[in-house]
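Undergrad: Position 58, counted from 1, in the sequence shown is what the numbering used here calls 364; the numbers after and before it change by one each time, with no gaps.
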Amino acid sequence: MTDTVSKILRCNAAGCKVAQTGNCMDGVIPAIACRNVFGQEEPAVGSTISGAHLAEDTPADDEDELEVFDPDRHVQLASGSALDVSAAQSILEARGATVVAFIGFKGSGKTSLFSSIYNLLQSAPLSSKLSFAGSETIVDFEIRCHDTRLASKQLVPKTARTERSSALAYLHLRLADDSAGGTVRDLLFADRSGEFFKDAINDTQLCDEIKELHRADAIALLVDGEDLADNQKRHGALANALSLIQVLVDQQKLSATHNLDVIVSKADALASAPESESKSAKAARQHFERSISDRFGAQIGSIEFWEVAACPKSGTLGTGHGVPPLVRRWVVRKKPNQIEVVASPLSKNLSEFDRFNERYFRRQPTGDVNV
Ligand SMILES: Nc1nc2c(ncn2[C@@H]2O[C@H](COP(=O)(O)OP(=O)(O)O)[C@@H](O)[C@H]2O)c(=O)[nH]1
Ligand SMILES: [Mg+2]
Numbered sequence: 307m308t309d310t311v312s313k314i315l316r317c318n319a320a321g322c323k324v325a326q327t328g329n330c331m332d333g334v335i336p337a338i339a340c341r342n343v344f345g346q347e348e349p350a351v352g353s354t355i356s357g358a359h360l361a362e363d364t365p366a367d368d369e370d371e372l373e374v375f376d377p378d379r380h381v382q383l384a385s386g387s388a389l390d391v392s393a394a395q396s397i398l399e400a401r402g403a404t405v406v407a408f409i410g411f412k413g414s415g416k417t418s419l420f421s422s423i424y425n426l427l428q429s430a431p432l433s434s435k436l437s438f439a440g441s442e443t444i445v446d447f448e449i450r451c452h453d454t455r456l457a458s459k460q461l462v463p464k465t466a467r468t469e470r471s472s473a474l475a476y477l478h479l480r481l482a483d484d485s486a487g488g489t490v491r492d493l494l495f496a497d498r499s500g501e502f503f504k505d506a507i508n509d510t511q512l513c514d515e516i517k518e519l520h521r522a523d524a525i526a527l528l529v530d531g532e533d534l535a536d537n538q539k540r541h542g543a544l545a546n547a548l549s550l551i552q553v554l555v556d557q558q559k560l561s562a563t564h565n566l567d568v569i570v571s572k573a574d575a576l577a578s579a580p581e582s583e584s585k586s587a588k589a590a591r592q593h594f595e596r597s598i599s600d601r602f603g604a605q606i607g608s609i610e611f612w613e614v615a616a617c618p619k620s621g622t623l624g625t626g627h628g629v630p631p632l633v634r635r636w637v638v639r640k641k642p643n644q645i646e647v648v649a650s651p652l653s654k655n656l657s658e659f660d661r662f663n664e665r666y667f668r669r670q671p672t673g674d675v676n677v
C-alpha cells in the first residue's frame with residue numbers, strides 16, 4: 307500500500323450524501339458539476355479508496371469501499387428526483403430539450419397532465435409514434451403517479467399535491483419519435499405550486515420569480531374543467547385565468563416570443579355535466595377563448611386552445627384523453643438553438659425492454675455508444 311492524495315467529494319447542501327455515495331442529491335451528473343459540490347484533497351492510504359467516496363465519519367470497512375467511477379465500465383445513474391434549475395440547465399446544454407412551463411391555479415391539473423404522459427408511456431407509445439426512451443426523474447414521476455394507480459388502494463385516482471413550499475422543479479422525459487426515424491426528443495416540464503400563481507396576481511413583483519417562462523418553448527395554462535362545469539365556480543375560474551395572463555403580459559413575462567397553450571383540464575367533468583350546465587359552460591368557454599384571442603393575440607406569439615382529461619374519474623373519456631396530440635405539438639415546438647440528437651434506427655424483433663435499452667444508451671450493434 308502506498309500513500310496517495312485523492313479527492314473526496316463534499317457538498318455544502320444539508321442532507322446531501324455525495325461523500326458517501328458519489329451521487330448528487332439534486333441529480334446533477336457528474337456530481338462535481340453541481341454548484342454545491344466540491345472536491346477536497348485528502349491523503350488516503352492505498353489506491354482503492356478514492357473519487358466520490360467515504361466521509362471521515364463513515365465506518366471505512368473494506369467491504370463498504372466504493373470504487374472510483376470509471377466511464378468505460380460504469381453507467382452513471384441519475385438519482386431520479388426532480389431537477390433543480392442547474393440540473394435542468396445541464397440537460398438543456400448537453401442535449402437540448404423542449405421546455406414546457408406549466409402555469410395555473412392549485413388543483414387545475416398541471417401535475418396530473420405531465421404525470422399522465424409518463425403513465426401513458428408505460429403501456430404504449432403515444433399515438434403509436436412517441437415512445438418512452440428514458441427519464442432522469444423517474445422516482446419523482448413514480449411518486450406523483452402513485453395515487454392514480456390501483457396499488458395505492460385509493461377509491462378514485464388522485465395526484466399527489468405539489469407542496470406550497472416546493473420551489474420550481476423540473477421533470478424530465480426522453481421520447482423516441484418513430485415518425486422521425488427514432489429521433490430522440492427531450493422534454494423538461496417546469497412545475498411549481500399553483501398557490502404561487504394566485505399570489506402573483508395580487509403581488510406582481512412575484513412575477514420576476516417565474517423564471518421558467520423566459521426559456522419556455524411552450525407555456526401551458528391549465529383551466530380547471532371541473533370549475534367550468536360548475537355554475538357557481540365558472541366565472542371566477544375564467545376571470546382568474548384571464549387575470550393571470552394579463553399580469554404576465556403586463557410584466558412582460560409573456561410576449562411575442564412565447565407559445566401559449568390554454569388547456570381546459572378534466573374534460574370528463576364537462577362531458578358528464580347536466581345539459582343545462584354544460585350549455586352554459588360551452589358558451590362561457592367560447593367567450594373566454596375569444597376574449598383571450600382578442601386581448602392578447604397581438605402580444606403573445608401564438609395562442610392555441612386544447613382540452614384534456616389526464617385522469618378522468620367518471621364518464622366515457624379514456625385516461626389521457628387529448629394528451630398525445632398536445633405532446634406531439636410540444637415536441638416540435640423547439641427554440642432553434644437546440645441540439646438534435648439522432649439515434650440509430652431501432653432493430654426489429656426486440657422486446658420493448660431491449661428497445662428501450664437500445665434507445666437509452668443508443669448502442670450500435672458493435673456495442674459502441676454513438677452519442
Ligand atoms: N375528474 C378529473 N379530475 C382530474 C383530472 N386530472 C386531474 N384531476 C384531479 O384534480 C386534482 C388536482 O390535480 P393536480 O394535478 O394536483 O393539480 P395542480 O395543483 O394544478 O398540479 C387531483 O385530485 C387530480 O386527481 C381529470 O382528467 N379528471
Ligand atoms: Mg401540482
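Heads up, the beta-carbon is just placed ideally off N, CA and C, and yes, glycines get one too.
May I ask you to list the residues that DSSP assigns as paired with R627?
TA: Here residue 627 refers to the residue found at position 321 of the sequence shown. Looking at the sequence provided, one finds His at residue 627 rather than Arg. H627 is bridged to A615.
Undergrad: Below 8 Å on the Cβ atoms is my contact criterion, and I expect T404 with R634 to pass it. Report the Cβ-Cβ distance as a whole number of Å.
TA: Your numbering for residue 404 matches position 98 in the sequence shown. Your numbering for residue 634 matches position 328 in the sequence shown. With a Cβ gap of about 11 Å, T404 and R634 do not count as contacting.
Undergrad: What are the start and end residues of the alpha helix (DSSP H) that includes H593?
TA: Counting from one through the sequence shown, the residue named residue 593 turns up at place 287. Going by DSSP, H593 is part of the alpha helix (DSSP H) stretching over 581-602.
Undergrad: Could you check the C-alpha separation between R596 and H627 for me, to the nearest Å?
TA: Residue mapping note: residue 596 aligns to position 290 of the sequence shown, counting from 1. Residue mapping note: residue 627 aligns to position 321 of the sequence shown, counting from 1. Straight-line Cα distance between these residues: approximately 24 Å.
Undergrad: How many Å lie between L534 and V570 at the Cα?
TA: Along the sequence shown, one-based indexing puts residue 534 at 228. Along the sequence shown, one-based indexing puts residue 570 at 264. Rounded to whole angstroms, L534 to V570 spans 9 Å at the Cα level.
Undergrad: Would you report the Cα separation of F503 and L315, rounded to the nearest angstrom?
TA: In the sequence shown, residue 503 corresponds to position 197, counting from 1. In the sequence shown, residue 315 corresponds to position 9, counting from 1. Their Cα atoms are separated by approximately 38 Å.
Undergrad: What does the Cβ neighbour count give for H255, buried or exposed, with the cut at 16 atoms within 10 Å?
TA: The question about residue 255 has no answer here: the residues shown for the chain are numbered 307 through 677.
Undergrad: Measuring from the CB of G500, is there a heavy atom of ligand 2 at a distance below 7 Å?
TA: Start at 1 with the first residue of the sequence shown, and residue 500 comes out as number 194. Within the cutoff, so yes.
Undergrad: Under the three-state reduction of DSSP, which class applies to L436: helix, strand or coil?
TA: Within the sequence shown, residue 436 is the residue found at index 130, counting from 1. Residue state, collapsed to three classes: strand.
Undergrad: Let's see if you can read the secondary structure: which residues bound the beta strand (DSSP E) around A430?
TA: In the sequence shown, the residue the question calls residue 430 occupies position 124. Segment: none, A430 is in no beta strand (DSSP E) and carries neither H nor E.
Undergrad: Could you check where the alpha helix (DSSP H) with L519 kicks off and where it finishes?
TA: One-based indexing of the sequence shown puts residue 519 at position 213. First-last of the alpha helix (DSSP H) with L519: 518-521.
Undergrad: Would you kindly report the start and end of the unbroken beta strand (DSSP E) that includes R480?
TA: What you label residue 480 is simply residue 174 of the sequence shown in a count that begins at 1. Here the beta strand (DSSP E) through R480 covers 475-483.
Undergrad: Between which two residues does the beta strand (DSSP E) containing L527 stretch?
TA: For the purposes of this step, residue 527 is taken as the residue at position 221 of the sequence shown. Where L527 is concerned, the enclosing beta strand (DSSP E) stretches over 524-529.
Undergrad: Can you tell me where the beta strand (DSSP E) with T404 in it begins and where it stops?
TA: Working through the sequence shown from its first residue, we reach residue 404 at position 98. Looking at the DSSP string, the run of the beta strand (DSSP E) that includes T404 is 404-409.
Undergrad: Would you say T443 touches ligand 2, meaning its beta carbon is less than 7 Å from a heavy atom?
TA: Looking up residue 443 in the sequence shown gives position 137. Not so, every heavy atom of ligand 2 lies at least 7 Å from the Cβ.
Undergrad: Using only the alpha-carbon positions, how far apart do A604 and A562 sit?
TA: The residue given as residue 604 occupies position 298 in the sequence shown. The residue given as residue 562 occupies position 256 in the sequence shown. Looking at the two C-alpha atoms, the distance is approximately 8 Å.
Undergrad: Would you mind working out which of I397, G413, V324 sits nearest F375, comparing C-alpha positions?
TA: The sequence position of residue 375 within the sequence shown is 69, counting from 1. Of the listed residues, the one whose Cα sits closest to F375 is V324.
Undergrad: Can you tell me which of the three DSSP states N565 falls into?
TA: Here residue 565 refers to the residue found at position 259 when the sequence shown is read from its first residue. Reduced to three states, the DSSP call for N565 is strand.
Undergrad: DSSP on V374, reduced to helix/strand/coil?
TA: Indexing the sequence shown from 1 puts residue 374 at position 68. Note: V374 maps to coil in three-state DSSP.
Undergrad: Does the beta-carbon distance from I598 to A407 come in below 8 Å?
TA: If you number the sequence shown from 1, residue 598 lands on position 292. If you number the sequence shown from 1, residue 407 lands on position 101. The answer is no: Cβ separation not under 8 Å.
Undergrad: How do the stretch 426-446 and the stretch 506-523 stand: do at least 3 beta-carbon pairs fall below 8 Å, yes or no?
TA: no
Undergrad: Give the single residue among F411, K572, P631, K435 whose Cα lies nearest to the Cα of T622.
TA: The residue you call residue 622 lines up with position 316 of the sequence shown. Checked all of F411, K572, P631, K435; the closest Cα to T622 is K572.
Undergrad: Should G415 and A579 be called a contact, given that it needs their Cβ atoms to be closer than 8 Å?
TA: Sequence index remark: in the sequence shown, residue 415 carries index 109 (1-based). Sequence index remark: in the sequence shown, residue 579 carries index 273 (1-based). Between G415 and A579, the C-beta spacing is not below 8 Å.
Undergrad: For I314, does the three-state DSSP call read helix, strand or coil?
TA: Residue numbering aside, residue 314 sits at position 8 when the sequence shown is read from its first letter. In the structure shown, I314 sits in a strand (DSSP, three-state: E or B).
Undergrad: By alpha-carbon positions, which one of F602, I606, R491, R591 ends up nearest to A613?
TA: As a position in the sequence shown, residue 613 is number 307, starting the count at 1. The question names Ala, but residue 613 is Glu in the sequence shown. Answer by Cα proximity: R591.
Undergrad: Let me confirm a value: D567 is counted as buried when at least 16 other C-beta atoms fall within 10 Å, else exposed. Which label applies?
TA: In the sequence shown, counting from the first residue as 1, residue 567 sits at position 261. So D567 ends up on the buried side.
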